[in-house]
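Asks: This is the structure, below, for whatever I ask next.
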Ligand SMILES: Cc1ncc(COP(=O)(O)O)c(C=O)c1O
C-alpha cells in the first residue's frame with residue numbers, strides 16, 4: 204500500500220494514473236493538501252458498515268476508531284442511512300434557522316433522552332464549546348450587571364484537557380503544545396490541575412490559580428472539563444467532581460461537562476457524567492450524536508442560563524441542517540430504551556478483560572493507560588517502565604496490517620494506542636479484534 208508520506212512532488216497525479224487506485228488517492232491528497240492533514244495510516248476507506256471498514260478490493264479492517272468516536276452505533280447504521288435518505292428525498296437539504304419539523308422533533312428527542320431542558324445546535328464540537336463559553340459569559344454578565352468590574356470574566360479549565368482546535372476552544376484546552384500558535388490570554392483562561400482519580404485535589408487549587416491572575420471566585424463565568432481526558436484517559440474523581448459542583452453553585456459559575464467524545468454509550472452509560480452522579484449546567488455533545496454526520500449541541504439544564512443571550516447570538520449557518528438532524532433523530536431513537544448502552548457496558552468489560560490478559564503475558568513491556576467502557580488506551584513500554592512510542596507505533600502498523608484499524612493520537616508523545624470501537628461491536632467481533640491485536644503485539648515485542 205503506497206504511503207501518504209511519499210516525497211515525490213515531481214509528477215502531478217494525472218491521466219497516467221488509475222484514478223480508481225489507492226495510490227492515486229494518496230498521491231493526489233499529498234499534492235493538494237498540506238502535510239498536516241495526513242495524520243493517519245495511509246489506508247483508503249471505500250465504505251464502512253457496522254464495525255468494519257472496507258478497502259476497494261473488499262479487504263476489511265475491524266474498526267477500533269469509530270471514525271474518531273463518531274460511529275458509536277456502527278458505520279452506516281441502517282436506521283441512520285434510511286433517515287438521511289428519506290430526508291433528502293423529502294427535498295429539504297437546508298433551511299438555515301427557519302423552523303423545520305425535523306428540528307422540532309430532534310430537539311424534543313434530545314431533551315427527552317438527556318433530561319436537559321433545551322439545546323442549541325451547532326455543527327462541530329469546537330463550535331459547541333465556544334457557544335457554551337458565550338452562554339456562560341452572558342449569564343455571568345447579567346448576574347453582575349450592577350456590580351462595578353475591574354477585570355474580565357474568567358473561564359476555568361484543566362491541564363491536559365482538549366476542547367477543539369478553534370481559537371477559543373484551543374485557549375480553553377490544557378495542552379500547551381497545541382496552543383503555542385495562539386495569543387496567551389492567561390488572565391481569561393485560567394487552567395488548573397485536573398481532579399483525577401487517585402490525586403489530591405481541592406477547589407483551593409482553583410482559588411490559588413485565580414489569585415495569581417488577580418481574580419476572585421465571583422469572577423468565574425464557568426468551569427469546563429471532561430469526565431475522562433481524551434489526551435491521557437485520566438478520569439475525574441467523583442468526590443472532587445462533587446466539590447467542584449458545590450463550588451460552582453456557591454459562586455454562580457456554570458459547570459460545563461464536555462462530553463463531545465464521551466457521550467452516547469461510549470463509557471457504558473448514555474453520558475459519562477452518570478458514572479459520577481454529578482450533573483453539569485451545560486452538557487456538550489457532538490460526535491456520537493448523529494452516528495455519522497456533523498452536528499453538535501449545547502444541552503442546557505435551565506432556560507434561565509440563556510435568558511440574557513441576545514437574539515441570533517448563538518446561531519450559525521449550518522446549525523440545524525435537516526440531513527444531519529435526520530441522522531441525529533434516528534440515532535437518538537436507537538438509544539431510547541437503554542438496551543444499546545447496557546450491551547456497550549458488557550462489551551466494554553470484554554475489552555478491558557482482553558487487554559488485561561494481553562498485559563499479563565508481558566507485563567514488563569505493556570501497559571493499560573486507562574479504560575472506561577468502550578474506550579481504552581494501551582502503550583508499549585521499555586524494560587524500565589517508561590513509555591516506548593516507537594514500539595507503540597510499530598504495534599499500530601502491525602494491527603492495521605492484520606486487519607485491525609487503530610489510531611495513535613499525538614498526545615503522550617505518540618505512545619498511546621487509543622481504542623474506541625463502535626459501541627455496537629458484537630462479542631464475536633470483539634473477540635476477533637482482540638486476537639488480531641494480540642498477534643500484532645506478539646510480532647512487535649516477541650518477534
Ligand atoms: C472532548 C472534546 N471536545 C471537543 C472536541 C472538538 O470537536 P470537533 O473536532 O468536532 O471540533 C473534541 C474532538 O475530538 C473532543 O474530544
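Numbering (the working numbering), first residue to last: 204 to 650. Cβ coordinates follow ideal geometry from the N, Cα and C atoms, glycine included. Model, not experiment: these values are computed from the prediction.
1) Sorry if obvious, but does the Cβ on residue 327 come closer than 7 angstroms to a heavy atom of ligand 1?
2) Is it the case that the Cβ atoms of residue 247 and residue 222 are separated by a distance below 8 angstroms?
3) Could you give the DSSP three-state label for residue 207: helix, strand or coil?
4) Kindly identify the DSSP beta-bridge partner or partners of residue 439.
5) Name the one or two DSSP bridge partners that residue 425 has.
6) Using three-state DSSP, classify residue 267 as helix, strand or coil.
7) Sorry if obvious, but does the Cβ on residue 516 come closer than 7 angstroms to a heavy atom of ligand 1?
8) Specify the secondary structure class of residue 621 as computed by DSSP and reduced to three states.
9) May I ask which residues mark the beginning and end of the alpha helix (DSSP H) holding residue 288?
10) Applying the criterion that 16 or more other CB atoms from any shown protein chain within 10 Å of the CB defines a buried residue, is residue 384 buried or exposed?
11) Tell me whether the stretch 437-451 and the stretch 554-569 touch, counting them as touching only if at least three CB pairs, one residue from each stretch, are closer than 8 angstroms.
12) Helix, strand or coil, according to DSSP, for residue 554 in the structure here?
13) Taking only three categories from DSSP, how would you classify residue 235?
14) Could you check which residue in 426, 463, 469 and 474 has the C-alpha nearest to that of residue 453?
15) Between the beta-carbon of residue 428 and the beta-carbon of residue 364, is there less than 8 angstroms?
16) Buried or exposed: where does residue 301 fall if 16 or more other Cβ atoms within 10 Å of its Cβ makes it buried?
17) When you compare only the Cα positions, how much space is there between residue 491 and residue 547?
18) Decide if the stretch 404-415 is in contact with the stretch 459-476; the criterion is three or more beta carbon pairs, one per stretch, under 8 angstroms apart.
19) Measure the alpha-carbon distance for residue 643 versus residue 593 and round it to whole angstroms.
20) Pop quiz: residue 619 and residue 572 are said to be a contact at Cβ under 8 angstroms. What is the actual Cβ separation, rounded to whole angstroms?
21) Ligand 1 heavy atoms versus the CB of residue 521: any closer than 7 angstroms?
22) Taking DSSP's pairing of strands, which residues face residue 278 in a bridge?
23) Would DSSP call residue 394 helix, strand or coil?
24) How about residue 333: is its Cβ closer than 7 angstroms to a heavy atom in ligand 1?
25) What span of residues does the alpha helix (DSSP H) with residue 568 cover, start to end?
26) Please tell me whether, using a cut-off of 7 angstroms, the distance from the CB of residue 408 to the nearest non-hydrogen atom of ligand 1 is below it.
27) Roughly how many angstroms lie between the CA atoms of residue 630 and residue 233, to the nearest whole one?
28) On the DSSP letters alone, give me the boundaries of the alpha helix (DSSP H) that residue 537 sits inside.
29) When you compare each of 482, 513 and 523 to residue 505 by their alpha carbons, which one comes out closest?
30) Give me the Cβ distance between residue 420 and residue 408, rounded to the nearest whole Å; I'm assuming they're in contact under 8 angstroms.
31) Give the secondary structure of residue 432 by DSSP, where H, G and I count as helix, E and B as strand, and everything else as coil.
32) Does DSSP put residue 584 in a helix, a strand or coil?
Replies: So, from the data block:
1) Locating residue 327 in the chain shown gives position 124, counting from the first residue. Yes, the beta carbon of residue 327 sits closer than 7 angstroms to at least one heavy atom of ligand 1.
2) The residue given as residue 247 occupies position 44 in the chain shown. The residue given as residue 222 occupies position 19 in the chain shown. No, these two residues do not count as a Cβ contact at 8 angstroms.
3) The sequence position of residue 207 within the chain shown is 4, counting from 1. In this prediction, residue 207 scores a pLDDT of 40, lower than 50, which makes its location untrustworthy; the coordinate-derived value is nonetheless stated afterwards. Correct three-state label for residue 207: coil.
4) Looking up residue 439 in the chain shown gives position 236. 399.
5) Residue numbering aside, residue 425 sits at position 222 when the chain shown is read from its first letter. 358 and 457, per the DSSP bridge assignment.
6) Start at 1 with the first residue of the chain shown, and residue 267 comes out as number 64. Reduced to three states, the DSSP call for residue 267 is coil.
7) Here residue 516 corresponds to residue number 313 of the chain shown, with the count starting at 1. The answer is no for residue 516.
8) Here residue 621 corresponds to residue number 418 of the chain shown, with the count starting at 1. Here DSSP, grouped into helix, strand and coil, assigns residue 621 to strand.
9) Here residue 288 is taken as the residue at index 85 of the chain shown, counted from 1. First-last of the alpha helix (DSSP H) with residue 288: 281-293.
10) In the chain shown, counting from the first residue as 1, residue 384 sits at position 181. With fewer than 16 Cβ atoms within 10 Å of its Cβ, residue 384 is classed as exposed.
11) Too few Cβ pairs lie closer than 8 angstroms, so no.
12) The residue you call residue 554 lines up with position 351 of the chain shown. Under the three-state reduction of DSSP output, residue 554 falls in the helix class.
13) The residue you call residue 235 lines up with position 32 of the chain shown. Here residue 235 sits in helix by DSSP.
14) If you number the chain shown from 1, residue 453 lands on position 250. Checked all of 426, 463, 469 and 474; the closest Cα to residue 453 is 426.
15) Taking the first residue of the chain shown as position 1, residue 428 is located at position 225. Taking the first residue of the chain shown as position 1, residue 364 is located at position 161. Going by C-beta atoms, residue 428 is nearer than 8 angstroms to residue 364.
16) Looking up residue 301 in the chain shown gives position 98. So residue 301 ends up on the exposed side.
17) As a position in the chain shown, residue 491 is number 288, starting the count at 1. As a position in the chain shown, residue 547 is number 344, starting the count at 1. Roughly 14 angstroms between the two C-alpha positions.
18) Judged by Cβ distances under 8 angstroms, the stretch 404-415 makes no contact with the stretch 459-476, as fewer than three pairs qualify.
19) Along the chain shown, one-based indexing puts residue 643 at 440. Along the chain shown, one-based indexing puts residue 593 at 390. A straight-line Cα-Cα distance of about 14 angstroms links residue 643 and residue 593.
20) Here residue 619 refers to the residue found at position 416 when the chain shown is read from its first residue. Here residue 572 refers to the residue found at position 369 when the chain shown is read from its first residue. The C-beta distance from residue 619 to residue 572 rounds to 5 angstroms, short enough to meet the 8 angstroms contact threshold.
21) The count along the chain shown starts at 1 and reaches residue 521 at position 318. Outside the cutoff, so no.
22) For the purposes of this step, residue 278 is identified with residue 75 of the chain shown, where counting begins at 1. 253.
23) Counting from one through the chain shown, the residue named residue 394 turns up at place 191. Strand, per DSSP.
24) Numbered from its first residue, the chain shown carries residue 333 at position 130. Proximity of the beta carbon of residue 333 to ligand 1 is not indicated: no heavy atom of the ligand is located closer than 7 angstroms.
25) Mapped onto the chain shown, residue 568 falls at position 365. Following the DSSP letters along the chain, one finds residue 568 in no alpha helix (DSSP H), marked with neither H nor E.
26) Within the chain shown, numbered from 1, the residue matching residue 408 stands at position 205. Residue 408 Cβ: outside cutoff for every heavy atom of ligand 1.
27) Within the chain shown, numbered from 1, the residue matching residue 630 stands at position 427. Within the chain shown, numbered from 1, the residue matching residue 233 stands at position 30. Distance between the alpha carbons of residue 630 and residue 233: 38 angstroms.
28) As a working mapping, residue 537 is identified with position 334 in the chain shown. 525-538 is the span of the alpha helix (DSSP H), which, as asked, contains residue 537.
29) To locate residue 505, count along the chain shown from 1; it is residue 302. Comparing Cα-Cα distances from residue 505 to each of 482, 513 and 523, the minimum goes to 482.
30) For the purposes of this step, residue 420 is taken as the residue at position 217 of the chain shown. For the purposes of this step, residue 408 is taken as the residue at position 205 of the chain shown. Not really, about 12 angstroms apart at Cβ, beyond 8 angstroms.
31) On the chain shown, residue 432 is found 229 positions in, with the first residue counted as 1. Three-state DSSP puts residue 432 in coil, outside helix and strand.
32) For the purposes of this step, residue 584 is identified with residue 381 of the chain shown, where counting begins at 1. Correct three-state label for residue 584: strand.
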